[in-house]
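Quick notes on the structure that follows.
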Amino acid sequence: MIQRLDDPGGMFNMYEQHTVHAVILTGGRSSRMGGRHKPGILIDGRSVIDRTVATLWSAAPSAQVIIAGTDDGLSPNSRDQVDVVREDPPFSGPLAGVAAALDAIPASDGVVILLGGDLPFLSSTTMSKLVAAAIDGEEVASCVDATGHLQYLCAAWPQRILRAQLEQVGDPAGVPLRALFKGLTPELVECDPDELRDIDTPYDLARAVTTADGRPVPESLLATVDRFEDEHGQSVAGLSPGQTAEILDFARKVKYAPSEANPAVAAFLAGQLAGTQEGLSVGEALDRVLDAVVSGGQTGDIHESADHLARGGDVGSLPGTDQ
Numbered sequence: 001m002i003q004r005l006d007d008p009g010g011m012f013n014m015y016e017q018h019t020v021h022a023v024i025l026t027g028g029r030s031s032r033m034g035g036r037h038k039p040g041i042l043i044d045g046r047s048v049i050d051r052t053v054a055t056l057w058s059a060a061p062s063a064q065v066i067i068a069g070t071d072d073g074l075s076p077n078s079r080d081q082v083d084v085v086r087e088d089p090p091f092s093g094p095l096a097g098v099a100a101a102l103d104a105i106p107a108s109d110g111v112v113i114l115l116g117g118d119l120p121f122l123s124s125t126t127m128s129k130l131v132a133a134a135i136d137g138e139e140v141a142s143c144v145d146a147t148g149h150l151q152y153l154c155a156a157w158p159q160r161i162l163r164a165q166l167e168q169v170g171d172p173a174g175v176p177l178r179a180l181f182k183g184l185t186p187e188l189v190e191c192d193p194d195e196l197r198d199i200d201t202p203y204d205l206a207r208a209v210t211t212a213d214g215r216p217v218p219e220s221l222l223a224t225v226d227r228f229e230d231e232h233g234q235s236v237a238g239l240s241p242g243q244t245a246e247i248l249d250f251a252r253k254v255k256y257a258p259s260e261a262n263p264a265v266a267a268f269l270a271g272q273l274a275g276t277q278e279g280l281s282v283g284e285a286l287d288r289v290l291d292a293v294v295s296g297g298q299t300g301d302i303h304e305s306a307d308h309l310a311r312g313g314d315v316g317s318l319p320g321t322d323q
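One point on numbering: in UniProt numbering, the residue at position 168 of the sequence shown is 168, and numbering is uninterrupted.
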């Protein structure tokens, strides 16, 4: 149930009590992230899925949350308060995930919120507006992104309409999510397009990461990386997109480690180790650099190692490496 919120603007003054369920879809393969589970990615020390659940409960404190897919990345406290279902068969598409979640929801005149598992920036204000629009207009409510495209996985549905649309689809396996919207005219809710930024690729992740002093990663730097890959037809340092994402996330850990080391320099070292030392996995490279940072690597030590590699020095001569 969602209780009437403290809302000076009057958005919820019409509603005393409404049943609200929220379905977060997390069952995809995350292929563009190299197979890395997108909802479990950390941004500022918190997983994407934890951010989404917190936003939901801020807008609808008593909403029942259902994870359609896997709850990997969810904190133990949140995991105890949500239900988890799985589409059948696994990886049969988001619409199959919606169907599995609806099977776990008692029929009512309430609202069902459908969300993707990779929307870490969605605000509780937008969530509240979506729910209010779905209740008030008796129509599905959604948002459009910066390109004007309707966001199928940022929507609030009157439950009876959602069930009716799903029944018309028939077997949901492999059917695109837009089929749910066939014949409907969604109520559009205005929101900041930045809230709809998802995390589909390593460079979406990079854009969500901030530098050590809290500034966003410069777009010019990301554009340079993109141009390099376009011109040379290969990933940076010979790493896969998933490995690149792992190193970018590693930079966040270094930022909060008990050391003065620059996270960008530490990530550079990890990339150099993984890309140049045969037989060394990205995970092993990250462990070695993190050990050096935490166990005594001061800013000067890390920078000296970076300079050594930049001059073409031998990777094997760095601390913790073997030839």
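Note that CB positions come from ideal geometry on N, CA and C, so glycine has one too.
With a cutoff of 8 Å on beta-carbon distance, Thr70 and Thr126 are scored as not near each other. Around the beta carbon of Gln151, 16 or more other beta carbons sit within 10 angstroms, so the residue counts as buried. Between Val85 and Ala100 a beta carbon distance of about 4 Å is seen, short of the 8 Å cut, so the two are scored as contacting.
Straight across, the Cα-Cα distance linking Glu187 with Ala132 is about 11 Å. Distance from the Cα of Val112 is smallest, within the candidate group Ala96, Val82, Ile66, for Ile66. When C-alpha distances from Glu195 are compared across Ala173, Gly45, Pro94, Leu115, the shortest belongs to Leu115.
Secondary structure of Gly170 (DSSP, three-state): coil. Pairing Gln165 with Gly110 gives a Cβ-Cβ distance that is not under 8 Å. In the structure shown, Ala60 falls within a coil segment according to DSSP collapsed to helix, strand and coil. Assigned with DSSP and collapsed to three states, Gly137 falls in helix.
DSSP places Arg86 outside both helix and strand once states are collapsed to three, so it counts as coil.
Check the Cα spacing between Ser62 and each of Arg163, Gln81, Pro193, Ile135: the tightest is with Gln81.
Residue state for Ile105 is assigned as coil, using DSSP reduced to three classes. Closest option to Lys182, judged by alpha-carbon separation, among Gly174, Cys191, Leu162: Leu162. Relative to the Cα of Pro193, the nearest Cα in the group Leu177, Trp157, Cys154, Asp145 belongs to Asp145.
In this chain, the beta strand (DSSP E) harbouring Pro158 covers 150–158.
Between Leu95 and Thr52, the C-beta gap is not smaller than 8 Å, which leaves the two residues out of contact. Residue pairing for Gly116: DSSP places it in a beta bridge opposite Leu25. When rounded, the separation of the alpha-carbon atoms in Ala22 and Leu56 is 8 Å. Rounded to the nearest whole angstrom, the C-alpha separation of Val140 and Pro39 is 25 Å. Judged by DSSP in its simplified three-state form, Ser142 adopts strand. One thing to note: Ala179 has its Cβ within 8 Å of the Cβ of Val169. In the three-state reduction of the DSSP assignment, Ile161 falls in the helix class, which pools H, G and I. The three-state secondary structure of Val111, taken from DSSP, is strand. In this structure Gly117 is not in contact with Val175, their Cβ atoms being roughly 19 Å apart against a cut-off of 8 Å. Cβ contact annotation for Gly73 (same chain, cutoff 6 Å, sequence separation greater than five): Pro39, Gly40, Ser47, Ile49, in chain order.
Sequence-distant partners of Lys129 (beyond 5 residues in either direction) whose C-beta falls short of 6 Å from its own C-beta, in its chain, are Val189. In the displayed model, Glu187 falls within a strand according to three-state DSSP. Excluding five sequence positions before and after Ser108, the CB atoms of its chain that fall closer than 8 Å to its own CB belong to Thr19, Gln159, given in chain order. The shortest C-alpha to C-alpha distance from Leu42 to any of Ser75, Asp136, Ala173 is the one to Ser75. Less than 8 Å separates the beta-carbon of Ala68 from that of Glu87.
For Leu42, the pairing in a beta bridge is given by DSSP as Ser47.
By a beta-carbon distance limit of 8 Å, Ser124 contacts Ser58. Their separation comes to about 4 Å.
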